[in-house]
Amino acid sequence: MLGQSLVEYWLSHLAEAGAKEVLILAPDRPEQVRRVVEDGAAGVEGRGRPESRELTVDEAAANIAMIKRGWLEPLWTPSAWTTCRA
């Protein structure tokens, strides 16, 4: 989209809307998504977690809730990027 990947487009959109931090659950090409988020060009701080498959809306919401409560660690963080597989 206009020279950007879909992830870059949405990160830019979220930054323009005032988001400061995003959490991405990435079932498809997580390493590419991690590199885009790591670049930080969109102006938001990103954390993420690779997933082994596409999640349902309920599964994604449950994972996000567990990460927010500290019960599940995001595997990509701004302070320590880690290459990992779900």
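Under the numbering used here, the very last position in the sequence shown is 86; numbers go up by exactly one each time. Where is the CB? At the ideal position from N, CA and C, for every residue including glycine. Just so it is clear, the structure is predicted and the values come from calculations on it, not from any experiment.
- In the structure shown, R69 adopts helical secondary structure according to DSSP, grouped into three states.
- Here DSSP, grouped into helix, strand and coil, assigns A60 to helix.
- Per DSSP, the beta-bridge partners of R49 are L25.
- From the listed residues G3, L2 and R47, the smallest Cα separation to A19 is found for R47.
- Close CB contacts of E21 within its chain, under the 6 Å cut and outside five residues either way in sequence, are with E45 (chain order).
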